[in-house]
Structure formats: structure tokens, C-alpha cells
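Visitor: Protein chains in written order, with this note's numbering: chain E, 1 to 230; chain C, 231 to 343; chain X, 344 to 660; chain S, 661 to 1202. Below you will find the structure I want to go over with you.
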Amino acid sequence: MSAEAQSATLVAEQFEDLEQQKSADTFGMWLFLVTEVLFFGGLFCGYCLYRNVYPEAFEAGSHLLKVTYGAFYTVLLICSSLTMALGVRAAQLRLKTSLTVYLILTWIMGAAFVFIKLRYEWYGDYLEGLVPGVHFAPHGENLEIIHHFHALLPHVSLFFLFYFCMTGLHALHMVVGVGLLTTLLIFTQQGKNTQGNYYWVEMVGLYWHFVDIVWIFLFPLLYLIGGRYV
Amino acid sequence: MFEHVHVHPKFFYVKVFLALIFLTALTTAVAYVDLGYFNTVAALVIAVVKASLVVLFFMHLKEQEGMTRVVIVAAVLWLAVFIVITLSDRFTRHWVPSNGPWEGSAITAPQSE
Amino acid sequence: MALLFFPIHPPQASSIAVEWDYFFYVLTAITVFFSALIFGLVFYFAIKYRRKEKDEVPPQNEGNLPLELAWTIIPAGICVVLFVWSSVLFIKTQRPPANATEVFVVAKQWMWKVQHPEGPREINQLHVPVGEPVKLTMTSEDVIHDFGVPAFRVKKDVVPGIYSTEWFTPTEVGEYHLFCDQYCGTGHSHMVGTIVVMKPDDYEHWLASQMNVQPMAERGQRLFGQLGCNTCHGEGAKTPGPPLQGLYGTEVKLQNGQTVTADDEYLRNAVLGPQGVAGYPTLMPTFQGQVNEEEVLQLIAYIKSLGPPEERKVAKQ
Amino acid sequence: MSTVAVEAPSLPEVHYLNADYGWRSWLFTTDHKRIAWLYLFSITFMFAIGGLAATLMRLNLVEPSGLLFEPASYDKLFTAHGLVMIFFFLTQSIPTVLGNFLIPIMIGARDVAFPKLNLLSWYIYVLGATIFIISLVTGGIDTGWTLYTPLSTTYANTNVLSATVGIFITGFSSILTGLNFMVTIHKMRAPGMTWFRLPLFIWAMYATSVIFVLAMPVIAITLALIALERIWHVGIFDPGLGGDPILFQHLFWFFGHPEVYILILPSMGVISELVAAGCRKRIFGYSFVAFSSVAIAAISFMVWGHHMFLTGQSVYAGLVFSALSFAVAIPSAVKVFNWTATMHKASVSYDTPMLYAIGFIGLFTIGGLTGLFLASMGADVHLHDTYFVVAHFHYVMVGGAIMGYMGGLHLWWPKMTGKLYPEAWARFACLLVFVGFNLTFGPQFILGYVGMPRRYAVYPAEFQVLNVMSSAGASILAVGYVIPLIYFAWSVFKGPIAGPNPWGAKGLEWTIASPPPTHNFHETPIVTEEAYAYEPEAAHVG
Ligand code: HEA
Ligand code: HEA
Ligand code: CUA
Ligand SMILES: [Cu+2]
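Laid out in C-alpha cells, this is it:
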């Protein structure tokens, strides 16, 4: 097949050529990310409000989280972003094997994130009675920390509400991302991503990086409030 | 036409990656130093820098057309407007408006009888 | 306006209503002017330049910069004037005069509960003397309501957890509608009442005729005992709570370093739960659910009655 | 050509409507023109539901004590009315019907950028609407369309949850539509179609899409928070648990105000087209009209607090919101004046679309100027939450937005179907709408000033005369809306054949056959002139 004919089959009928299609798809993806920014934005707005109204409760709440988890996730996601970026590069260079390897690595890190978050961190929170609405009854050391900050339980509960909403929405995006990576892997095996139309990989990459960025903000906003010196 | 694609060397991405890891370490470390109010400022500044690194280099915003950049900036701007104005309401709710020049007298304290 | 079969303006029964109507008429004039202008021009052009032949094409033009500027700047100028005027008016409605009589309002689905400091309590009614400024301090026990009196041109949302204020000086004796203006559920349209504006003598008479009058502060005092507040806040209490004498209106230092003014809303929060006052343990139990909003208001009235701020400052030094 | 074309116009042999047959060819179509029809049917259905609720409401208000319903049922009616009209009818109306049909054609493209996504949007819309209707028939919801907390989260015991789910889902349909349109307008323009050659309708749709993309996600997350609060009672908006009920209003109106410009901007775009076509004239001050759309979209994000002047919002924040609300009036004024100026020395036709345009200009002016009453904080103290507000927003939404939508439908109906509707009936219906509308909502301004609060199922007797007038008007209005339904349906089967350009108008859509072929253009058009480049003596009718 000539390059000309090959690209013709890739172009959807509404487009003139692949160039137009690629730039339309990419722009569409960026716009989608914009909507995501505002989707998370509502939660960030509420977070900012209550954090400023109840600073002590948010500090206290933050001290009930484990920085190690937060930092670990951050590093994990940055690594996965790197492999994702390298994956895009491999697709650009039409290197099927390395693309596969990078995608698998990214997949593993993404899945690990979700798994650890749910199985260990959230479940741990649940056991400690930190889930508002479901089981909110901080006790033992946690309660002492709360008292130490002169925070009130309902206000700490608000902190945890935002913690669960924000990380939950983020985790949901991770799950979707892992699903997208799975699809990409299948396409890659079928050779679809390494014949020039690398932009599917690029678009999943954009999404993946965006989710990473959200976490970059969540980490200090949730895990690192008010300094750890106490 | 695919050959026009601009491919960065691997090292390019690794550099960004290292910067990100460094900043993560930094932000965690800073949290253990008592800067008072500035703990939050530092955390946010570092987060913004990290996010910019990802957007500019991993997401190749630098190579995107102008419109994409405008769109991204607009989104962040609206979000900022949203948050700033909402907070400004909450934190000025108890300010009692003072007498204006139209009432011909000086500023008065909040009403208390 | 008996010639018309319907009212075209509400009674003008408060000091602000006059000013308000004046502004309203100006707005109406502007609206009528521009609407007539636009309608007039559009109809005029439509008739004068109607299409006369099926495939006629008129001469084209591109626009005209001076015109564009004119109709940007003129409306902008009008807007600036309106903005300033309306804001001044609004601020007036938001700042009760210092000599206003206080009345306390608690809204709940679907009724208005009114307490006068002197003691009388009313439901869906408010008696006030003519010619004296009245300040309402309002809160809600459930959802958001809105205390609106068209004849006075005042209105304010009544929000749970917040004390909102509203004030007016009635100028005409009479009975006026009180409406709940914020949708609050099934009984919203039944959440109406009457504002009775009386001559000062009649008002005194009315006050005197009320049964069971016990001033709010006294009720508060009784509650203070019943709820056990004085075990901590009384003279020589075992568990030390801060003294409440002369607290109202002072600056309170909190444990987190901030200072807040002990206004009504602060007292409300402090009665319902600990605030973290500097120098005291966070021991105050929460009273949320044990006292209703009316009782909170009574407790506040009592705390306020405990003496002026000056004494406290002296006592503390 | 100066003489009227002699030969009778005929339908093209193959066009998008007969290119394919069977329900699959409709339900699985990716043709933007067919998707426009799918939307047309679904939103007309929703409009009928909303209109039915309105009719019942107006009937009820004939009697001060309520003619038909208990307050509880009345509450469900106006909530259903508001939610259906806003989220399931007007938001979609012009964008999804006229926008879908026209955007690709007007910019010289074969389709939108993402045709499958376009179809998906429709399915999402249908899913959301279905869930919403189910929640209505299984008990309804009685919170008002604004869903204020803590009423909606704690105290209402109606179907708040399922209704919010329905709206939540529909929101994504709008997000995807907006995204699709933005990409289409950016990337799919024909060669030579520069930004300043775009028809003004495209500018307006672009501005609308920006708002879709930026505002809709916020309402989605807000509704999610309501659901969360209802299920687990976590206290985000509950003052008893430290939450702030006013935060909800910020979140809601941050979406809500831009939303009302989602409703009006497309209509303004349509009006520009109607005026240009109806006057055969370039729109006066094209670039001012174009940029005012963008300015409105931009400022509209910063005025939301004017719905909250009396909630206990900070006076200072209120001042900012009030000032910006006045600011947003300026670009609207610029538009109105430019349309009016376009009619100067024009060739004004009395065809139905132009009649609707004239109605729009006048009624929108009244609606907009009464918006200024409300934007004045001082005046809002008395007018807030009275019928004055109801009258204001019906003037802009029914007198403005729907007039534009109806006018647009009339202008492009021949393009969509290839048939002409009966002109005399159409003018008659337009007149009925105009008269009925003013009779319905005019008295409500007075009602509001006199003090009648909105959302009242029963009211003091002295307001009765005005209410009866309003109800009488509503019945005329209803007839005015039903007549087009009938003659439009009739015209599809029996209407005379329209020909490609029945109005002698300019624009790419008038250069192709009516109805257009599936891919719009046989070859990609090359644009060499500005929009509305009417050349004297060159109108070609037929
Ligand atoms: C299509 C929808 C639409 C549009 C376009 C508008 C347009 C405007 N609206 Fe409206 N509004 C609503 C829909 C809309 N509104 C709805 C649905 C509500 C109620 C929500 C609810 O509570 O349920 C509402 C409520 C509402 C309120 C809150 C009232 C209250 O609850 O107390 C306010 C307050 O500021 C307001 C203001 C305005 C202003 C300033 C404009 C401006 O954009 C208008 C600008 C236009 C003009 C000014 C006319 C043209 C100008 C001229 C011809 C020249 C002359 C001009 C000057 C002298 C300046 N609106
Ligand atoms: C796009 C928005 C839109 C539209 C078009 C309308 C249209 C109408 N609205 Fe309203 N309205 C709102 C948006 C809208 N409305 C909103 C947002 C509220 C606030 C809700 C709240 O408070 O929460 C409101 C509230 C509202 C009230 C105030 C209720 C109250 O506060 O108590 C009233 C009262 O008169 C009213 C009346 C009407 C009338 C008579 C029409 C008429 O124009 C309707 C005319 C249409 C028809 C009569 C239908 C036409 C018929 C058919 C299409 C075919 C018939 C069907 C078949 C053959 C199957 N509306
Ligand atoms: Cu209380 Cu409406
Ligand atoms: Cu608004």
C-alpha cells in the first residue's frame, strides 16, 4: 500500500486530510481537559473555602493522613508520566516493542496506584473511623491529634469529605486511564499505533499527564497542610 | 507528512522527570520546616512549577498552536476567578460598610448598641 | 388608582420606600425610553424601508465608528450612574441606625416566630410602632426563608446558621403583608403574615396587654440555670469557663491567635459549641440540638444584659 | 438576475433525507443534519412537557386559593417547568437543532469534527431526559429549579436524587456538543473562510460553546455534591455540621448565570442572520457584533453573585457583582443598536423570520433593561424573588431566546425540508405569540412591583386581576406555539417546494440544494468574500 492510500484509510470522511484530523483530535482532547479542570474546580473551590474557614480542622485532618502514602503516590505517578511520555516518543518513532513495554509499565504503575489507594490507604482510613457519612468516629491517637489542634469533629469530617471526594474523583480518573491504556495496548498489538498515527497514544498521554497534575496539587493540599513539625 | 514530527531525545524527558522528583522531595521537606503561613505558599508555588513542567514538556504545550495555549490559560483563569470571588464573599461578609461621603460623616465602627 | 381594577403599586409605608420608589421610577423611565426608542425605530424602519420588489437589494454599508462609540459610551454612562445610586441605596438598607429597636425573628417551615426583647412573642405577626426604626435579627431553624415586606421595600434571606439583619422605619399606620420570599418547601405560600404598624400609644398599650410577659433576658437567665451554664460560667464555678460579664462587643482572643468580635453571631456559635477561647481548656460541651434558635437568642439576650464592655476591660486589667 | 426565476424549483433527486431509509439510518446516523432532526423531535417533546406544566400553573393561579392543585403539586409543577425548560429544552434548542444543522454547512465542511461524538451526545441527552421524566412521573421534585440547599439536600422528600442524576447526565451531552462545535469551528473551516468572514451565527455558537465547556462541568460536580449530601448527609452545605449553605449558591450560580447566556447567545446569533437575510444587508458593525458575543461570554462568568444580593452575601462582593452585571449589559446594548441600525435604509421583508426578529429586538430590550433593575442592588432589595424576576427572565428567555429559535426554524425550515410552510399562518402565529406573550408576562412586572412573591401556589386576593390577565395571555401564547407545530408538519408532506434559496439570502447554506446532500458540498467550497456580501441587483430568489 502506498503511503498516500494508507493515510486515506485513516482519515475519517469529514476531514480533508490526516493533518486536519490530527489537529482536530488533539485540540478536542485539550478542550476535554479544560472541562476536567472545571469539573475538579468545583471541589477545589469548596476545599479552599472550608480550609480557610476551619484552618485548624484541616490541619488536624491532614495530620491524620500518612505523608508516606502521599509522597509514594506522587513519585509513582511521576514515574508513570515519564514512561507515558517515553511511550509517546516510541510511538512517534514507530517502535512497537518499546511502545508496548512503556505502556505496560505505565499500566502497572497506574493499577498499583489504584490498588494501594483502595486496599491499604482507604481501607485503613475506614478502620480508623475516618470516613464521613459512613463511619466517622476518630479514636485513640487520632482523637488526640484533633484535640491538639483544637479542631471540632464535624469540621474535621468536612476535611475528610473533601479528601475522599477529591482523591476519589482522581482515583476514578486513574481507573479510566488504566482502561484507556488497556485499549491502547490492544491497538498497539494490532500495529495500529506505530504506523504514523501516534496521536492516539499522544491523546491518552495528555489525559494521563493531566491526571498526574491533579495529583501534584492534591498531594500538598491534602497531605502537607500546616507543616509537619508538630 | 509524519516525518515532520518533532521527536525529543529520551534524555529530555528524563531531565524533566528528575526535576519533578526533586521538587517532590523539596515540597515534602519544606513541609517539615515551620514557615507559618508560608508553608502553604511554598507548597502551592512548588505545585504550580511541577504542573507547568508536566504541561510544557510532557504534554508538549510548547509545541501546541497558540489557541490551545489560550484555552488552557482561560480555563485556569476562570477557575481562579471562581475561587477568589467565592472566598472574597465569605471573608468579607462581616465587614459592615462604612458611611460614605454622601452621608456627610466619618467612618463608624460596626453597630453595637 | 381605583379606576384600575388592580393595584399598580404597593403601599409606601417606610422611610426607605419613598427613596426606593424614586429610584424605581427613574429606572422605569429609562426602560420606557429605550424600549420606545428601539421599538419605534424598528417599526419605523420596517415600514419606511419595506421591501418593494422581490429581488431588491439595498445599498450596503459597513458600519460607523462614531455611532458605535456613541451607543457604547452612553449606555455605559447611564450604567455608572445607576450603579452608584443603587449601591448607595442598598448600603443604606444594610446599615441599621444605632438607635433601632431590636426584634428577633426565627423562621421555620412554615411560620415566623417573633420575639420582642420586652417579652411578647408573636407568630406570623409583628407589631411595631410607627416612626421608629426597627432592626430585625433573623435566623432559621431549617431551610432558607426570606422576610419580605413589600410596603416597606425591604427583604432579606433568613439563613440557617447565620444571623441576618434587616431594618425599616415604618411611616404609615396600617397592616401590611409579610411574605416569605425564598422558596422553602410545600408551605412556602402559606408562610405569610402581617406587619401591624401602630401609633406609639397604641403600641405601648398593645405591649402592656400581652400576657405572660417576661423579657428575653430573663428567660435567658432561667435557661442559663436550667442548662447548667452557671456550673462553669457562674461565680466560683468548679470547672472554669470564661466570665461572661461584659463579654458582648469585646474582642476575644482565640487559641489559634486570631481575635474576633463577640457579636451576636459569635455568641451564637459559642453557646452551641466551643470556640477555642485563649486561656481556657476546650471543655465547653456542645449544646447543638438541646436548645432551639429562640432559646439561643434568649441566652444571648441574657449574656448581653450582663453589663457593658467597659467593665470587662477594667476587670481584666 | 433581475427577473424572477421562471422555472419552478424542484427537489434534488438525492438528499440527506432520502439518501437512506429505515429507523437504523436515523438512530445510527452520524450525519449532523439528521442528528439535528433527532434533537428537534426530542426537545419539542420536552417543550410540550414544560409548556403543559406552565399551562397548568397558569390555570391554578386564576384563583387566589389555587384553582386546581394543593401547594405540594404546584411546587412540583414549577420545578418541573423550570428544569425541563432550561436543562432539557432551551439549552439544547438552537445549538443542537440549528447549530448542528448549520455550523458545518456555514463554514463549508462536510460534517462536524466528531460525528460519532455528536450522535453520542444525543444518546446521552435522551438517557438523561428519560431518567428525568421517570423521576417526574414517579413523584416529581419540588425544590425549584435552583435546588437551593439545605432544602434540596435535607428537607425535600421528593425525587431529588433521580432528577439530579438526569440533569447530571444531560450536562455531559452539552459539554460534548460544545467541545465538538469549538473544534469544528476551529479546524473545519473551508479554505478562505477566515474568522471575520464567518457568519455571526457561528461567532455566537462559538461563544456559547466556550460557556458549555467551562460552565457545565461545574454544575455537574455541584449536582454530584447534592447527591452525596443526600445519601450520606456529610454536611457540606449543612450549617449544623459546619457547612455553608451559601456555598451551594455560589457553585450553582457560577454555572447558572453563564447558563442564561447559553440560552440567549445562540438566539442573538440567529437574529443576526435573520436581520441580514430579512434586510438583504450586511450587519451594521459586523466586528462589534462579533466581539460583543465574546465579551458577553467572558463577563458572564463574573456576575453570578447578582442572584445572591440578599442571601447575606458580603456587601463588598455584591458591589463587584453589581458593577459587572451592568458591564455585561453594554455588549448586549451594542448588539441591539447594531441590529436596529442594519434596518436603516434596508429592504425589510415581512416574511415570518423577519417578524420574529423584530419581536426579538423589542422584547429582548425590555427583558434586558428590566435585568438592570435587578442588577441594581438597591432595587433588588424589593424585587428579588417576586414576579418581577419571573417577568424579566421570561422576557429574555421566551420573548428573546425562543423568538430567536422560532425565527431561525422558519428561516431554515425550507433548507431543512426543502418545503415552504404556509406564510399567512406563520405570520398569524407570530402575531399571536407576540400578543399572548406580552399579555402573559407584562402584568407580571406589575405583580412583582406590587409584591407578589414567586413560587406561590396561593396568593392574596388583591393580586387576582393581574394573575387572570396573565393566565389569559398564556392561553393565547399556547395557541401561538401549537399552530406552527401543525403547519410545519403539514408542510413536510404538502408544502410547496422551496428551491435552494427562497429568501434570496447570502451564505454558504443557500448555495446548496434544499434539502442538502449528505455531505453538504459536492466539492469543498472556496470562500472569497465576507459574510453577507449582498451585491446590489444580484439577489437571486428561488
Ligand atoms: C436568557 C436568559 C437571560 C438573560 C439574557 C438575562 C440578562 C440579564 N439579566 Fe437575568 N435572569 C435570567 C435570565 C436571563 N437574564 C433568569 C432565568 C433569572 C432568574 C433565575 C432564578 O432565580 O430562577 C434571572 C435573574 C436575574 C437577576 C437576579 C434577580 C433576583 O433573583 O433578584 C439579575 C440581577 O442582576 C439579572 C440581571 C440581568 C442582566 C443585567 C442582564 C443583561 O445581560 C441584560 C442586558 C440587555 C440589555 C440592557 C438590553 C439592551 C440594551 C439597550 C437596548 C440599550 C440601553 C441600555 C442601557 C441604558 C444600559 N437577572
Ligand atoms: C426556557 C425557559 C422557559 C419557558 C419557555 C417558559 C415558558 C413559560 N413559562 Fe416559565 N419559567 C421558567 C422558564 C421558562 N418558562 C423558569 C426557569 C421558571 C422558574 C422556575 C422556578 O421557580 O423554579 C419559570 C417559572 C414560571 C412561572 C412562575 C411560577 C412561580 O414562581 O410560581 C410562571 C407563571 O406564570 C411561568 C409561566 C410560563 C408560561 C405561561 C410559559 C409559556 O411561554 C409556555 C408556552 C408553551 C406551551 C403552552 C407549550 C406549547 C405547546 C406545544 C409545544 C404542543 C402541545 C403538546 C402536544 C400537542 C403534545 N413560568
Ligand atoms: Cu419560608 Cu418560603
Ligand atoms: Cu444572572
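Note that CB positions come from ideal geometry on N, CA and C, so glycine has one too.
#1: With DSSP run on the structure shown, which of helix, strand or coil describes Ser670(S)?
#2: Could you please give the first and the last residue of the uninterrupted alpha helix (DSSP H) stretch that includes Tyr1016(S)?
#3: For Trp805(S), which of Phe1153(S), Leu883(S), Tyr1192(S), Arg940(S) has the nearest alpha-carbon?
#4: Apply the 10 Å Cβ neighbour rule to Ala414(X) and answer buried if 16 or more other Cβ atoms are within range, or exposed otherwise.
#5: Check the C-beta distance from Ile1157(S) over to Gly1078(S) and give it rounded, since I have them as a contact under 8 Å.
#6: Can you look up Ser358(X) in the DSSP assignment and give me helix, strand or coil?
#7: On the DSSP bridge assignment, give the partners of Thr537(X) in chain order.
#8: At which residues does the alpha helix (DSSP H) containing Thr830(S) begin and terminate?
#9: Distance, Cα to Cα, Leu122(E) vs Val131(E)?
#10: Buried or exposed for Ser552(X), please, with buried defined as at least 16 other CB atoms from any protein chain shown within 10 angstroms of its CB.
#11: What span of residues does the alpha helix (DSSP H) with His170(E) cover, start to end?
#12: With 8 Å set as the bound, which would you pick, yes or no: does the beta-carbon of Leu312(X) sit closer than that to a beta-carbon of chain S?
#13: I'd like the span of the alpha helix (DSSP H) that includes Met1129(S), first residue to last.
#14: Ligand 1 and Leu1034(S): does any heavy atom of the ligand fall closer than 7 Å to the residue's C-beta?
#15: Would you mind giving the Cβ-Cβ distance between Ser1151(S) and Leu1080(S), rounded to the nearest angstrom? I have them listed as a contact below 8 Å.
#16: Can you check whether the CB of Val540(X) is closer than 8 Å to the CB of Val473(X)?
#17: Compute the distance between the beta-carbons of Pro418(X) and Ala989(S), then report whether it is under 8 Å.
#18: Sorted by chain position, which residues of the same chain lie with C-beta nearer than 6 Å to Ser2(E)'s C-beta, five sequence neighbours on each side aside?
#19: Is it buried or exposed, Ile835(S), if we count other Cβ atoms within 10 angstroms and call 16 or more buried?
#20: Taking Cβ-Cβ distances shorter than 7 Å, what residues in chain E pair up with Gln598(X)?
#21: Tell me which residue opens and which closes the beta strand (DSSP E) that Gln92(E) is part of.
#22: Check the Cβ-Cβ distances between Ala696(S) and every residue of chain E, and say whether any is below 8 Å.
#23: When Cβ atoms are compared, which residues of the region 618-638 of chain X fall closer than 7 Å to chain E?
#24: Hey, would you say Pro755(S) sits closer than 8 Å to Met865(S), going by beta carbons?
#25: Using the rule of at least 16 other Cβ atoms within 10 Å of the residue's Cβ for burial, across every protein chain shown, is Ile390(X) buried or exposed?
#26: If the cut is a Cβ gap below 7 Å, which residues of chain S does Val299(C) touch?
#27: So Val306(C) contacts chain S; which residues on that side make the cut at Cβ distance below 8 Å?
#28: What residue range does the alpha helix (DSSP H) around His741(S) cover?
#29: Note down, in chain order, all residues in the region 45-77 of chain E with a beta-carbon under 8 Å from any beta-carbon belonging to chain X.
#30: To the nearest angstrom, how far is the alpha carbon of Gln355(X) from that of Ser648(X)?
#31: With 7 Å as the C-beta to C-beta threshold (strictly closer), list the residues of the region 1011-1040 of chain S near chain X in chain order.
#32: Does DSSP classify Trp913(S) as helix, strand or coil?
#33: At a cut-off of 7 Å, would you count Ser992(S) as near ligand 1, judging by its Cβ distance to the nearest heavy atom?
#34: Give the interface partners of Gly965(S) over in chain C, defined as CB-CB distance under 8 Å, in chain order.
#35: So which residues on chain S does Val311(C) lean against when the C-beta distance must stay under 8 Å?
#36: Regarding His910(S) and ligand 4, is the C-beta to nearest heavy atom distance less than 7 Å?
Guide: For this structure:
#1: Looking at Ser670(S) - three-state DSSP - the assignment turns out to be coil, as it is neither helix nor strand.
#2: Where Tyr1016(S) is concerned, the enclosing alpha helix (DSSP H) stretches over 1012-1035.
#3: Residue Leu883(S) is the option with its Cα nearest to Trp805(S).
#4: It is worth fixing the name first, because residue 414(X) is Trp in this sequence and not Ala. With 16 or more Cβ atoms within 10 Å of its Cβ, Trp414(X) is classed as buried.
#5: A Cβ-Cβ distance of about 6 Å is found for the pair Ile1157(S) and Gly1078(S), placing them in contact under the 8 Å criterion.
#6: Here Ser358(X) sits in helix by DSSP.
#7: Residue pairing for Thr537(X): DSSP places it in a beta bridge opposite Gln468(X), His520(X).
#8: Unbroken alpha helix (DSSP H) run through Thr830(S): 820-847.
#9: In the sequence under discussion, the amino acid at residue 122(E) is Trp, which differs from the Leu named in the question. For Trp122(E) and Val131(E), the distance between alpha carbons rounds to 9 Å.
#10: That one is exposed.
#11: Where His170(E) is concerned, the enclosing alpha helix (DSSP H) starts and stops at 153-189.
#12: Within the shown structure, residues of chain X are numbered from 344 to 660, placing residue 312(X) beyond reach of any answer.
#13: Met1129(S): member of the alpha helix (DSSP H) spanning 1124-1154, first to last residue.
#14: Relative to ligand 1, Leu1034(S) has its C-beta within less than 7 Å of a heavy atom.
#15: In this structure, Ser1151(S) and Leu1080(S) form a Cβ contact; the two beta carbons are roughly 6 Å apart against a cut-off of 8 Å.
#16: Contact annotation: Val473(X) and Val540(X) have beta-carbon atoms nearer than 8 Å.
#17: Taking 8 Å as the Cβ cut-off, Pro418(X) and Ala989(S) qualify as a contacting pair.
#18: Here Ser2(E) scores only 43 on pLDDT, less than 50, and its place in the model is too uncertain to base an answer on.
#19: Buried: at least 16 other Cβ atoms inside 10 Å.
#20: Contact note: Gln598(X) reaches chain E through His150, using a C-beta cutoff of 7 Å and chain order.
#21: Annotation: Gln92(E) is outside any beta strand (DSSP E); the continuous alpha helix (DSSP H) that includes it extends over 67-92.
#22: Put simply, the CB of Ala696(S) is far from chain E, with every gap to its CB atoms at 8 Å or more.
#23: Of all residues in the region 618-638 of chain X, Gly619, Thr625 have a Cβ within less than 7 Å of some Cβ in chain E.
#24: With a cutoff of 8 Å on beta-carbon distance, Pro755(S) and Met865(S) are scored as near each other.
#25: Ile390(X) sits exposed, since fewer than 16 C-beta atoms from the chains shown fall within 10 Å of its C-beta.
#26: Looking at the sequence itself, residue 299(C) is Arg, so the reference to Val does not match. Close partners of Arg299(C) in chain S (Cβ separation under 7 Å) are lacking, with about 13 Å as the shortest Cβ gap.
#27: One finds nothing in chain S with a Cβ atom closer than 8 Å to the Cβ of Val306(C); even the nearest lies about 11 Å away.
#28: Where His741(S) is concerned, the enclosing alpha helix (DSSP H) stretches over 731-743.
#29: Within the region 45-77 of chain E, Pro55, Glu56 place their CB atoms closer than 8 Å to a CB of chain X, listed in sequence order.
#30: Each residue's Cα considered, the two are about 36 Å apart.
#31: Listed in sequence order: Ile1018, Ile1021, Gly1022, Thr1025, Ile1026, Leu1029, Thr1030, Leu1032, Phe1033, Ser1036, Met1037, Gly1038, Ala1039.
#32: In the structure shown, Trp913(S) sits in a helix (DSSP, three-state: H, G or I).
#33: In terms of side-chain proximity, the C-beta atom of Ser992(S) is found nearer than 7 Å to a non-hydrogen atom of ligand 1.
#34: Those within 8 Å of Gly965(S) in chain C are Ile315, Asp319.
#35: Under the 8 Å cutoff, chain S gives Phe961, Met962.
#36: No, Cβ of His910(S) sits at least 7 Å from all heavy atoms of ligand 4.
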